[in-house]
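Asks: Mind having a look at this structure? Questions to follow.
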């Protein structure tokens, strides 16, 4: 089996939060929304149905653990979950905290406007809170 | 437990395809993309993590069975899967066949332009193919 290698665009557009059982968990560099990305450490997979059934279950549980933590930490109105991959084909799942009246509410975040950078403090604080919530 | 009742907007914007173990499977009335919607027959659930772990697994397997069938039937470039719910809060999962150069490629389908109706023939043909693929 080839060694897992994170797609370059995913790597440049997000910061690492932690590793979960199956995935690399990353925070998008776009501060307009608290936006997480789970990347299963599997090679040559673009669609969830290409994962083994066990990996599909792991991905679901890890996605929902992350979604539930993000909801708790941010008090989001709604969590948006999506696996699109029209641009980056390496399988990845978005978990985004949405708020009534946010930058593109109620439409999706993908492809909308330009990313706004985090301040280092704000980013580190969010990553810290996520690590805490996900390790307890 | 309250009886499951399909959200009115989901009902008016889509046609029934079949029932799966957990979900009502429906076809969006928007012919711009082959677009399916899975609605778990559970009451008062907006987020996937509010389902029991078993229902989360069922939802994943049913979503991916549908995604895989849709890919086979349509020859799509990429399947897009999303659970947003910013407008309709009853939990539902979108499974959409995307093609390079389609109406909003590579951006998402949600909130883009206006739905285009199917001809009855084209809709019935797609539903028939889906039922066949999903019952074999």
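Residue numbers (the working numbering), protein chains in the order written: chain A, 960 to 1095; chain B, 960 to 1095. For glycine and all other residues, C-beta sits at the position ideal for the given N, C-alpha and C.
Can you list, in chain order, the residues of its chain with a C-beta nearer than 8 Å to that of residue 1062/A? Leave out the 5 residues immediately preceding and following it.
Replies: 991, 992, 1068, 1071 and 1072
Asks: Identify which residue in 989/A, 1050/A, 974/A and 1036/A has its Cα closest to the Cα of residue 1007/A.
Replies: 1050/A
Asks: Take residue 1013/B as the anchor and find which of 994/B, 1003/B, 980/B and 1032/B has the nearest alpha-carbon.
Replies: With distances taken between CA atoms, residue 1013/B lies nearest to 980/B out of 994/B, 1003/B, 980/B and 1032/B.
Asks: Counting C-beta neighbours from all protein chains within 10 Å, is the total for residue 1059/A 16 or more, i.e. buried, or is it exposed?
Replies: exposed
Asks: Are residue 974/B and residue 985/B close, meaning C-beta to C-beta below 8 Å?
Replies: yes
Asks: Taking 7 Å as the cut-off, is the C-beta of residue 1065/A nearer than that to any heavy atom in the ligand ZN?
Replies: Judged by which ligands are present, the structure shown has none, so any question about the ligand ZN falls away.
Asks: In whole angstroms, give me the CA-to-CA distance for residue 1032/A and residue 989/B.
Replies: 36 Å
Asks: Taking Cβ positions, are residue 1047/A and residue 969/A nearer each other than 8 Å?
Replies: yes
Asks: Give the range of the beta strand (DSSP E) segment to which residue 975/B is assigned.
Replies: 973-978
Asks: What does residue 993/A reach in chain B if we use C-beta pairs closer than 9 Å?
Replies: Residues of chain B passing the Cβ test: none, with the nearest at roughly 15 Å.
Asks: Taking Cβ positions only, does residue 1021/B come closer than 8 Å to chain A?
Replies: no
Asks: Out of curiosity, what's the CA-to-CA distance linking residue 1000/B and residue 1010/B?
Replies: 11 Å
Asks: Within the continuous alpha helix (DSSP H) that includes residue 1025/B, where are the two ends?
Replies: Its alpha helix (DSSP H) spans residues 1012-1033.
Asks: Which first and last residues belong to the alpha helix (DSSP H) in which residue 1088/B is found?
Replies: 1079-1094
Asks: Give the residues of chain B in contact with residue 976/A, contact being defined as C-beta atoms less than 9 Å apart.
Replies: By Cβ distance, chain B contributes nothing, its closest Cβ being about 18 Å from residue 976/A, past 9 Å.
Asks: Can you tell me where the beta strand (DSSP E) with residue 1052/B in it begins and where it stops?
Replies: 1052-1057
Asks: In angstroms with no decimal places, state the Cα-to-Cα distance between residue 1078/A and residue 1089/A.
Replies: For residue 1078/A and residue 1089/A, the distance between alpha carbons rounds to 17 Å.
Asks: Whose CA, out of 1002/A, 1023/A and 965/A, lies closest to the CA of residue 1005/B?
Replies: 1023/A
Asks: Closer than 7 Å by beta-carbon distance: list the chain A residues that pair up with residue 1027/B, in chain order.
Replies: Chain order gives the chain A residues near residue 1027/B as 1008, where near means a beta carbon separation below 7 Å.
Asks: When you compare only the Cα positions, how much space is there between residue 1075/A and residue 994/A?
Replies: 12 Å
Asks: Using only CA atoms, which one of 1057/B, 1053/B and 1092/B lies nearest to residue 987/B?
Replies: 1053/B
Asks: Rounded to a whole number of angstroms, what is the C-alpha to C-alpha distance between residue 1042/B and residue 962/B?
Replies: 22 Å
Asks: Going by Cα to Cα distance, which pick from 1055/A, 1045/A and 1094/A is closest to residue 1064/B?
Replies: 1045/A
Asks: Measuring only between beta-carbons, confirm whether residue 965/A sits less than 8 Å from chain B.
Replies: no
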